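Numbering (the working numbering), first residue to last: 50 to 371.
Just so you know, even glycine gets a beta-carbon here, dropped at the ideal spot from N, CA and C.
Just so we're clear, the structure is a prediction, and the values are computed from it rather than from any experiment.
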Amino acid sequence: MVPKMRQVRTISQNMPIREFYNKRNKVLLIRDGGGIGDILMLRMMIEDFKDLMPDAEIIIATVPSYFNMVSSHPHVSNVVNSRELDENQYIVSYNVTSSCIRYETKIAPRADLHRSDIWAAHCGVRLTKHNMHLKVSKEMKEFGVKFFAHIGLTKRPIIAFSPTSSMLSKDLGLKQINDVVEGVRALGCDIFILCKKPIAGVKCPMATGINLDQWLACVDQADYVISVDTGTFHAANGLNKPTVAIYGWADGKVYGQYHEKMILVQKHRDDIPGWCGPCFNWTHCPKCPSTEYQKPCMSEITGKEICEAVEKLMKQYPPMTK
């Protein structure tokens, strides 16, 4: 079967009044691609849109693999396939797929706006709430409990650790990962690694090969989160989990500005005189020009620094007995 092709908006034609009446309150937001972190940040816009337009039907266009991550938002009326979309079916539509990249590239190496704010500004809206409305169902909470037992997590507190992302330049190296695992265990915590693929050379329970709902359940059931710049960090924000965030060339102070329970580990120009980053320039790093390797802003972070941040986080947010 040949898939439908996306149709972009054409020049407006006279519209019958009944058709206008049926379409007048439908607002389409398009996010065609990106990672799961971008989809979670997109959720931070929707409540403000609904407050501005209480009668509006807010429709999200994205790729099918992210449907569940969007449709669960209480103010989303419908989710449609961005690859089979006809924008002419909507009077009002906003495509935010590339607006953040254009803005961040223009302002680099500085950064000031969270991606949800960049997208909202593209739509002419200033956000006031930034609430993801991210929740995990009772069924998936039960999955998380059983899955933890299945992979051998037997004591609290439990820490979810995401040391890798979809970009090599954001990943921690093998020694860093092992040092964090060892250091967290020395703090009396259990730890598991949450990632897409198993990581060779690491002796630690791993949650791999699970779907997005199960992944979210694992974040939800953890007591603390350690994460590089990837979807787990944003999920932890939405679920209000105490988090150690590890950032390199992207600005963790900006991406984490709405995460109330976060400690940032980053080599940042604001804190280290003369340091070059965060630069948002992972493709032409002067210290490591190849896009295929970890950048110094990540490789020079030590496992000890990360574990010290975990210890500080645990003092600020003491573990709860479950």
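Checklist entry - If you compare alpha carbons, which of Thr-292, Gln-306, Asn-330 is closest to Ile-312? => result Stepping through the sequence shown from its first residue, residue 312 is reached at position 263. When Thr-292, Gln-306, Asn-330 are compared, the shortest CA-CA separation from Ile-312 is found for Thr-292.
Item to check | Trp-168 versus Met-118 - alpha carbon distance | outcome: As a working mapping, residue 168 is identified with position 119 in the sequence shown. As a working mapping, residue 118 is identified with position 69 in the sequence shown. Inter-residue distance for Trp-168 and Met-118 is about 18 Å (C-alpha atoms, whole angstroms).
Item to check | Assumed close pair Val-274, Ala-285 - CB separation to whole angstroms, cut-off 8 Å | outcome: Mapped onto the sequence shown, residue 274 falls at position 225. Mapped onto the sequence shown, residue 285 falls at position 236. Sure, about 4 Å apart at Cβ, within 8 Å.
Item to check | Assumed close pair Leu-288, Val-268 - CB separation to whole angstroms, cut-off 8 Å | outcome: Here residue 288 corresponds to residue number 239 of the sequence shown, with the count starting at 1. Here residue 268 corresponds to residue number 219 of the sequence shown, with the count starting at 1. With a Cβ gap of about 6 Å, Leu-288 and Val-268 count as contacting.
Checklist entry - Which ranges would you report for the alpha helix (DSSP H) in the region 315-354 if only whole runs of at least 4 residues count? => result Listed in chain order, they are 345-348.
Next on the checklist: Can you list, in chain order, the residues of its chain with a C-beta nearer than 6 Å to that of Asp-239? Leave out the 5 residues immediately preceding and following it.
Outcome noted: Locating residue 239 in the sequence shown gives position 190, counting from the first residue. Same-chain partners within the cutoff: Leu-202, Lys-204, Ile-207.
Checklist entry - For Gly-305, does the count of other Cβ atoms within 10 angstroms reach 16, so buried, or fall short, so exposed? => result Locating residue 305 in the sequence shown gives position 256, counting from the first residue. The residue is buried, with at least 16 neighbouring Cβ atoms inside 10 Å.
Item to check | Alpha-carbon spacing of Ile-350 relative to Val-251, whole angstroms | outcome: Locating residue 350 in the sequence shown gives position 301, counting from the first residue. Locating residue 251 in the sequence shown gives position 202, counting from the first residue. Going by the C-alpha atoms only, they are around 18 Å apart.
Checklist entry - Can you find a C-beta in chain C that's less than 9 Å from the C-beta of Pro-158? => result The structure shown contains no chain C; it holds only a single protein chain.
Item to check | Cβ neighbours of Tyr-152 in the same chain (closer than 6 Å, five flanking residues each side left out) | outcome: In the sequence shown, the residue the question calls residue 152 occupies position 103. Within the same chain, Tyr-152 has close Cβ partners Ile-167.
Checklist entry - Which same chain residues, not among the five before or five after Met-369, have their C-beta less than 6 Å away from its C-beta? => result Taking the first residue of the sequence shown as position 1, residue 369 is located at position 320. Around Met-369: no qualifying Cβ.
Checklist entry - Within 10 angstroms of its Cβ, does Glu-96 collect 16 or more other Cβ (buried), or is it exposed? => result By one-based count along the sequence shown, residue 96 stands at place 47. Sixteen is the threshold: when 16 or more other Cβ atoms of the shown chains lie within 10 Å of the Cβ of Glu-96, as they do, the residue is buried.
Checklist entry - Are Gly-301 and Gly-84 closer than 9 Å when you measure CB to CB? => result Within the sequence shown, residue 301 is the residue found at index 252, counting from 1. Within the sequence shown, residue 84 is the residue found at index 35, counting from 1. Their beta carbons are not under 9 Å apart, which means Gly-301 does not touch Gly-84 by this criterion.
Checklist entry - Going by beta carbon distance, what residues of the same chain come within less than 6 Å of Phe-210, once the five residues before and after it are set aside? => result For the purposes of this step, residue 210 is taken as residue 161 along the sequence shown, with counting starting at 1. The answer, listed in chain order, is Ile-240, Ile-242, Ile-275.
Item to check | Residue range of the unbroken alpha helix (DSSP H) whose run includes Asn-130 | outcome: To locate residue 130, count along the sequence shown from 1; it is residue 81. It is not in any alpha helix (DSSP H) - Asn-130 instead sits in the beta strand (DSSP E) that spans 127-130.
Checklist entry - Roughly how many whole angstroms lie between the Cα atoms of Ile-150 and Asp-135? => result Position 101 of the sequence shown holds residue 150. Position 86 of the sequence shown holds residue 135. Rounded to whole angstroms, Ile-150 to Asp-135 spans 24 Å at the Cα level.
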